[in-house]
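Read through the structure below, which is laid out as structure tokens, and then see the notes.
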Amino acid sequence: NAGVTQTPKFRVLKTGQSMTLLCAQDMNHEYMYWYRQDPGMGLRLIHYSVGEGTTAKGEVPDGYNVSRLKKQNFLLGLESAAPSQTSVYFCATNDPGAFEAFFGQGTRLTVV
Amino acid sequence: GEDVEQSLFLSVREGDSSVINCTYTDSSSTYLYWYKQEPGAGLQLLTYIFSNMDMKQDQRLTVLLNKKDKHLSLRIADTQTGDSAIYFCAETLNTGFQKLVFGTGTRLLVSP
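Protein chains in written order, with the working numbering: chain D, 41 to 152; chain V, 13 to 124.
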């Protein structure tokens with residue numbers, strides 16, 4: 041029972057490169073979220089999805105795109121990476137009405 | 013508006029009690045949470061409290077909620093070195109999906 045798995049765990053990108061972060065969950069949850077964590081700022085919501093085929097913007101969506109083609113997967117894309125996107129990215133999932141969200145282990149991304 | 017604030021750092025000796033404080037501004041919050049993040053790991057739900065409660069105790073953890081002052085605290089009794097981590101306060105709004113708003117996190121350091 042893996043829960044919430046993020047791939048990759050670490051990545052270094054050059055400015056302007058693109059990449060996709062994958063979040064996979066095996067709990068059959070409806071809702072999925074992408075957060076970024078920066079020192080002294082807590083976690084901020086980038087994008088979220090309330091079901092397969094749906095996505096919505098969170099607090100800090102600029103520079104990111106997402107897709108949820110399958111219920112179990114939520115992809116976060118960076119089309120042209122910038123140093124300001126250096127951060128730790130967390131995926132989370134839960135179900136409607138559930139009080140607990142489950143988090144992945146995080147992806148540490150460095151853009152140089 | 014939504015804003016959750018915490019002090020950034022707390023240092024205690026093993027065996028002492030730790031108190032981590034949090035203030036929030038959105039009075040419509042329905043649930044308030046404490047998450048724990050150990051080094052290199054994701055966030056783990058530690059405990060939670062419903063907005064209609066004043067206190068919740070769970071083994072060494074005591075959560076106090078002062079709705080009038082919008083103040084939440086987490087007390088850890090008999091703090092151990094294994095409690096060293098970052099503790100995030102979070103609130104959720106009943107907006108149709110569970111949007112978690114996180115505080116900045118408090119780094120707890122427990123020394124022997």
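For each residue, glycine too, the CB sits at the ideal point set by N, CA and C. Since this is a predicted model, take the numbers as computed values, not measurements.
Rounded distance between the beta-carbons of residue j and residue i, thought under 8 Å
i	j	result
Arg51(D)	Ser127(D)	That pair is no contact at about 11 Å.
Val122(V)	Asp95(V)	5 Å
Val90(D)	Glu70(D)	6 Å
Thr95(D)	His87(D)	6 Å
Leu116(D)	Tyr104(D)	6 Å
Leu149(D)	Gln112(D)	The Cβ separation is near 22 Å, so there is no contact.
Thr20(V)	Thr118(V)	Sequence check: residue 20(V) is Leu here, not Thr. That pair is a contact at about 6 Å.
Coarse secondary structure for residue i, derived from DSSP in three states
i	result
Ser41(V)	coil
Ser19(V)	coil
Gly117(D)	strand
Gln145(D)	coil
Thr95(D)	coil
Thr93(V)	helix
Ser58(D)	coil
Short Cβ contact (7 Å threshold) for residue i with residue j
i	j	result
Met72(D)	Phe114(D)	yes
Pro48(V)	Ala102(V)	First, the residue type needs correcting, since residue 48(V) is Lys and not Pro in the sequence shown. Contact flag unset, no.
Ala121(D)	Leu53(D)	yes
Val24(V)	Thr91(V)	yes
Thr116(V)	Gln18(V)	yes
Gly54(V)	Gly144(D)	yes
Asp15(V)	Thr37(V)	yes
Gly46(D)	Thr133(D)	It is Gln, not Gly, that sits at residue 46(D) in the sequence shown. For Gln46(D) and Thr133(D), no; Cβs fall outside 7 Å.
Phe114(V)	Leu83(D)	yes
Minimum Cβ-Cβ distance from residue i to chain D less than 7 Å
i	result
Ser43(V)	Here residue 43(V) turns out to be Tyr, not Ser, going by the sequence shown. Chain D contact via Cβ: present.
Phe21(V)	no
Contact with chain V by residue i, beta-carbon distance below 7 Å
i	result
Leu83(D)	yes
Gly80(D)	yes
If the cut-off is 7 Å on Cβ atoms, which residues from the region 139–150 of chain D count as contacting chain V, listed in chain order?
Residues of the region 139–150 of chain D that bring their beta carbon within less than 7 Å of a beta carbon in chain V comprise Phe139, Glu140, Ala141, Phe143, Gly144, Gln145, Gly146, in sequence order.
Chain D contacts from the region 52–78 of chain V (Cβ-Cβ distance under 9 Å):
Against chain D - using a Cβ distance shorter than 9 Å - the residues of the region 52–78 of chain V are Gly52, Ala53, Gly54, Leu55, Gln56, Leu57, Tyr60, Phe62.
Using a Cβ-Cβ cut-off of less than 9 Å, give me the residues of the region 113–124 of chain V that come near chain D, in sequence order.
So the list reads Val113, Phe114, Gly115, Thr116, Gly117, given in the order they occur along the chain.
Short of 8 Å Cβ to Cβ, which residues in the region 108–123 of chain D face chain V?
Correct list: empty, as no residue qualifies.
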